[in-house]
Amino acid sequence: MPDSELLQSALDLRELIESEADAIESNCTMSKPVVEALDKAGLFRMSTPREIGGLEADITTVQAVCEALSFADGATGWAFTQNTITGAYLSYIEPEYAKPFAALRAGAGHFAPLGVAHEEDGGYRVSGSWQFASGSGHAEFMGGGAVVMRDGAPAPMGEGGKLPLVGFFVPADRATLKGNWDTMGLRGTGSFDYEIPEIFVEEGATWNINMGYAPHKSGGAAFALGPQSYGGIGSTSWAIGVACRALHEIAEIAKAGRTRLGSLPLAEQTEFQRDFGLHQTAIEAARIQLLAVYREAVATIESGASDAECSGAVRRTKSHANYIVKHVSKPAVVFAWEASGSAGMRNPSRLQRCFRDIHIGAGHQVFDDRGYREFAKPALGLEPAPF
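Numbering (this note's numbering), first residue to last: 1 to 387.
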């Protein structure tokens, strides 16, 4: 069961978030009242390891809270989820360096290796430009990913295929947000591009980026899922929340008597009833599926299984997350919007917002069909990629 206090805190914010949703969309970033309410409730620290000052909620709680906030508003749910994922990444750096960041309100960043990190005694001199820093408008620390540079050239691959890539964190005032987030959907996420001018980062505030099973310096076994898989818990729950909201909205439209000339009321059409029930069932099954797959992966890690077994469990979570977002949640939203007729076309429309949000979110690089391919390779006698 999820932590009842944290989940209730999220549910209690629904009315506020819904009332702020238009302003959030208009300003392309989370509004101050919502940020302050999330901070006051302690929810930004939900996925940060307990030993460095976070709440370290379990998988069930992370799922439930991210879904609840995303039901209230997709953009708010997405930005919040990415903030909490950034907090989880503090588990990969040395605790003494992580604690000052964990004490701040929230973090954001983009951890693809788009920057450079020149090796120096005791750390790296990092710089670069990154995109899509969701939740950056209210973040108090920022992170990024970089290619390790040695003597002016990219460092070679390390032992065991270790990639010469590092993630790092810096205070938010060392980053310059470009304020250029303007999109069809997820407009209110504050996913601004940003630059970090050259700055020295001590080695303890960095970690070797590994998109698979990964070592961690603080927190429990869930953080060993690695940044991409761990992030999938919240991001997949976001999609479930948006899909649930879309079904809620079309149900309200149907109950209000939506009809078309010469047709039965929508709610009485057996084909609509069947399809609504199908998507409702698929979403309920997806929630069970998500929790089961992630719990099994964490249990595998906790059991002391081999690196190969742990990596296999992590690959499985990515494949299932991709499926839930693209083949369960997105189709449910499309069904609801198409059934709504003009009600889903006119502004303002929460259902239309769900439609726009799911198309942007499901296009995120995390939900890439590569997850299916890598999960399939061992069964086909092929070697999966090491990351």
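Note that beta-carbon positions come from the ideal geometry of N, C-alpha and C, so glycine has one too.
{"Item": "Let me confirm a value: residue 357 is counted as buried when at least 16 other C-beta atoms fall within 10 Å, else exposed. Which label applies?", "Value": "buried"}
{"Item": "Label residue 271 either buried or exposed according to how many other C-beta atoms from any shown protein chain fall within 10 Å of its C-beta, with 16 as the threshold for buried.", "Value": "exposed"}
{"Item": "How would you write the range of the beta strand (DSSP E) that residue 207 sits in, first residue to last?", "Value": "206-208"}
{"Item": "Could you give the uninterrupted runs of the beta strand (DSSP E) lying entirely in the stretch 302-370, keeping only those of 3 residues or more?", "Value": "none"}
{"Item": "Less than 8 Å between the beta carbons of residue 147 and residue 116, yes or no?", "Value": "yes"}
{"Item": "Among 98, 345 and 382, whose alpha-carbon lies nearest the alpha-carbon of residue 216?", "Value": "98"}
{"Item": "Provide the residue span of the alpha helix (DSSP H) that contains residue 121, from first to last.", "Value": "Neither: residue 121 is in no alpha helix (DSSP H) and is coded neither H nor E."}
{"Item": "Give every residue of the same chain whose Cβ lies closer than 7 Å to the Cβ of residue 182, excluding the five residues on either side of it in the sequence, and list them in chain order.", "Value": "28"}
{"Item": "Would you check if the stretch 150-159 and the stretch 120-139 touch, i.e. whether three or more CB-CB distances between them fall below 8 Å?", "Value": "no"}
{"Item": "Tell me, which residues are paired with residue 202 by DSSP?", "Value": "123"}
{"Item": "From residue 280 to residue 237, what distance separates their C-alpha atoms?", "Value": "15 Å"}
{"Item": "Assign residue 13 to one of two classes, buried (16 or more other C-beta atoms within 10 Å of its C-beta) or exposed (fewer than that).", "Value": "buried"}
{"Item": "By Cβ distance, which residues of its chain are closer than 7 Å to residue 300, with the 5 residues on each side in sequence left out?", "Value": "309, 310 and 313"}
{"Item": "Report the three-state DSSP secondary structure of residue 24 (helix, strand or coil).", "Value": "helix"}
{"Item": "Kindly give me the distance between the Cβ atoms of residue 239 and residue 325, rounded to whole angstroms, as I take these residues to be in contact under 8 Å.", "Value": "4 Å"}
{"Item": "Since residue 101 is in the alpha helix (DSSP H), which residue starts that stretch and which ends it?", "Value": "95-102"}
{"Item": "Kindly indicate which three-state DSSP category residue 274 falls into: helix, strand or coil?", "Value": "helix"}
{"Item": "What does a CB cutoff of less than 6 Å around residue 58 pick up in its chain, not counting 5 residues either side in sequence?", "Value": "none"}
{"Item": "Starting from residue 154, follow its DSSP beta bridges and name the residues at the other end.", "Value": "149"}
{"Item": "Assign residue 281 to one of three DSSP states: helix, strand, or coil.", "Value": "helix"}
{"Item": "Which residue marks the beginning of the alpha helix (DSSP H) containing residue 266, and which one marks its end?", "Value": "Looking at the DSSP string, residue 266 is not in any alpha helix (DSSP H), and its letter there is neither H nor E."}
{"Item": "Among 101, 103 and 186, whose alpha-carbon lies nearest the alpha-carbon of residue 133?", "Value": "186"}
{"Item": "Candidates 73, 26 and 82: which alpha carbon is nearest residue 46's?", "Value": "82"}
{"Item": "List the DSSP bridge partners of residue 110.", "Value": "144"}
{"Item": "Rounded to a whole number of angstroms, what is the C-alpha to C-alpha distance between residue 201 and residue 111?", "Value": "15 Å"}
{"Item": "Assuming the contact rule is C-beta atoms closer than 8 Å, residue 264 and residue 254 should be a hit. Round their C-beta distance to whole Å, please.", "Value": "Rounded, the Cβ-Cβ distance is 11 Å, inconsistent with contact."}
{"Item": "Please name the residue or residues paired with residue 170 in a DSSP beta bridge.", "Value": "142"}
{"Item": "Residues in its own chain within less than 6 Å of residue 129 by CB, not counting five upstream and five downstream?", "Value": "195"}
{"Item": "Can you tell me where the alpha helix (DSSP H) holding residue 252 begins and where it ends?", "Value": "227-255"}
{"Item": "In whole angstroms, what is the alpha-carbon distance linking residue 350 and residue 321?", "Value": "25 Å"}
{"Item": "Out of 346, 66, 192 and 244, which one is the CA nearest neighbour of residue 85?", "Value": "66"}
{"Item": "Under a three-way DSSP split, which group does residue 2 fall into?", "Value": "coil"}
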